[in-house]
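Just below is one structure, and these are the notes that go with it.
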Amino acid sequence: MLRLENIYKSFPHHFEPILKGINLEIQEGEFCVILGSNGSGKSSLLKTITGEYALDSGKIFLASQEISSWPLYKRAKMISSVAQDITKGTVQEMTLLENMVLSSLRGKSGVLRFYHNKKDEMESLIQELGLGLEKYIMQPLHILSGGQRQSIATLMATLSDPLLLVLDEHTSALDPKTQSHLMEYTAQKVKNKKLTTLMVTHHLKDALRYGDRLIIMNRGEIVLDVKEGKENLCIDDLLQKYGALE
Amino acid sequence: MDMFLELAPTGILQGLVLGIIALGILIPFRLMNLPDLTGEGAYSLGAIFSCVLLIFGFPPLVSILFGCVAGGLLGVATAILYLRFKVGTLLGGIILSTMVYSINLRLMGKPNMAIFEYKSLFSKNLVLDIAIVALCLISTAAVLLLFLKTEKGLRFRTIGLNSLFGERQSINLNSYTMLGFFISNALCAFSGSLMVQIQGYGDINMGIGIVIHALAALMIGEVILGTQSLQRQLAAPILGALIYQQIQGFALTLGLAPSDLKFLTGSMILSVIVFSGKKNA
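Chains as they are written, first to last, in our numbering: chain A, -4 to 241; chain B, 68 to 348.
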């Protein structure tokens, strides 16, 4: 489904490249979790996949098409993402309905049809979240709390069945309770829709509980890739791996 | 007071013509968050180009239409400079507007051109003229409002609100940016081409400072109506332009010289910016 070949990425003013020859292949329907300390390159990896960062060298294939030189908006027809930054995943000034409609149009070309017609459809989708947010459908998004907005952003990212879902620490700005609720919801969505997913997290517990493949990155390289037997790993194993990296 | 009342109807007509520009510049300044000064060139290009076409025997409406397209294309040029060559929209607009001056002189071959004997949309019947321009302005605003409420319009609005989000929703912002600049500057040109037919001549100095007048009008309208909804945002330039033109008329009756008005306009804009805390204004 997704194949990365020898990905290099560096930034000006940084001596070492942030990604040093990453090779990775993700199968269709795979839920892959990426761990790594700060600066290990995990977020940069996701951003080179979504197209937010341009590559230095290497190739990216998605659904057997090379997308390495595609601009962000073109890749977004197939890839959807939720970022850590709550303000990025939604438009604060627009209503809940407007945000939802925008996401439901991802990968399609918008037409000259009044978006208000989609109100009922969007309302029932918001209802599925189970947070009672449907009553705010005509309100601007900034009246919602951070957790509510991030939940909406996650719902939006899964709306138009992306080929690849990219989650970049999407629960990390939230309180523990909201965090686990959103993580549970995300896992449900991924499972029900059989979405191919890449998720970066700092939570070792989440990394163990969710997903069927675990990758650890360090200094721009993949240092651990566990597929078989992931369910047998425990936190101590991970801490040991981390310890060995320092 | 008599002089004010005498000026008022002409002021309404002028205000409506200005309202079209104010509506035009609202698109880059407010909807796209990409302040653009191309309007100055688009206004005069639309005016002079349609004026020349009229003399070549084109019907008044067709001349206006071509004038709009010429102005719109000037806007697309600014958009391309910005998107492709990273020239800021303010600078790009000023440069192109300066270049338009030479184009206009070439087009006319002289600094001004009378078209009194040619066919015109306007009749010297002030009430009828006001009705025509009001119809143009209100229908343009209505079409724009309806567009913004469609799926395409919704996508267009992400440019100004959160462009990264827009791209992540697979929206090609470049083409929407060109569309926005085209429409904005086509409206400025529309206004210019109406103006030549109203006044019966085209002049090389038309349009100098017009975007600043339109901006003042827009800001007055926003102070009165607010910008909470799209309806208010789109009504603001119309109401603002009408009031602005009356303020100018009133200032003249108070004994100010026409040449003092630019100072007045600038002070109005600056005070709105300073007192309302509006940014990038």
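Beta carbons: idealized from backbone N, C-alpha and C, even for Gly.
- Between B:Phe133 and B:Glu184, the alpha-carbon positions lie close to 20 Å from each other.
- Membership of A:Val28 in the beta strand (DSSP E) is indicated by the continuous run 26 to 31.
- Its Cα nearest to that of B:Ile92, the residue B:Leu282 stands out among B:Gly113, B:Leu282, B:Arg173, B:Val129.
- Looking at the backbone, the Cα of A:Ala182 and that of A:Glu25 are separated by about 12 Å.
- The continuous beta strand (DSSP E) containing A:Gly53 extends over residues 52 to 57.
- Between the segment 16 to 31 of chain A and the segment 186 to 202 of chain A, the count of C-beta pairs closer than 8 Å reaches three or more; the two stretches touch.
- For B:Leu74, same chain residues with a beta-carbon under 8 Å away, outside a window of 5 residues either side, are Gly316, Leu319, Thr320 in chain order.
- Taking 7 Å as the upper bound on Cβ-Cβ separation, chain A lies near residues Lys216, Thr217, Glu218, Lys219, Leu221, Arg222, Thr225, Leu228, Asn229 of the segment 213 to 229 of chain B.
- About 5 Å separates the Cβ atoms of B:Ala308 and B:Ala89, confirming a contact at the 8 Å cut-off.
- Distances from the CA of A:Gly125 to each of A:Lys200, A:Gly141, A:Leu177 were compared; the closest alpha carbon is that of A:Leu177.
- Any Cβ of chain B closer than 8 Å to the Cβ of A:Ala49 would place that residue at the interface, and such an atom is absent.
- With respect to the C-alpha of A:Leu154, the residue from A:Asp232, A:Ala168, A:Asn187 having the closest C-alpha is A:Asn187.
- Look at the segment 76 to 105 of chain B: it has no residue with a C-beta under 9 Å from a C-beta of chain A.
- Ranking B:Met180, B:Asn179, B:Leu101 by CA distance to the CA of B:Asn229 puts B:Leu101 first.
- Excluding the 5 residues flanking it on each side, A:Leu158 has same chain C-beta neighbours closer than 8 Å at Met(-4), Leu57, Ala58, Met73, Ile74, Thr191, in chain order.
- Pairwise C-beta distances place the segment 132 to 151 of chain B out of contact with the segment 201 to 212 of chain B, as fewer than three of them are shorter than 8 Å.
- Among the CB atoms of chain B, one or more fall inside 8 Å of the CB of A:Arg108.
- Setting aside the 5 residues that flank it on each side, A:Trp65 is surrounded in the same chain by Gly46, each with a C-beta closer than 8 Å to its C-beta; the list follows chain order.
- In the DSSP assignment, A:Arg(-2) falls within the beta strand (DSSP E) that extends over -3 to 4.
- Shortest Cα-Cα distance from A:His198 to any of A:Val185, A:Cys229, A:Val218 involves A:Cys229.
- Contact of A:Val96 with chain B by beta-carbon distance below 9 Å involves Glu218, Leu221.
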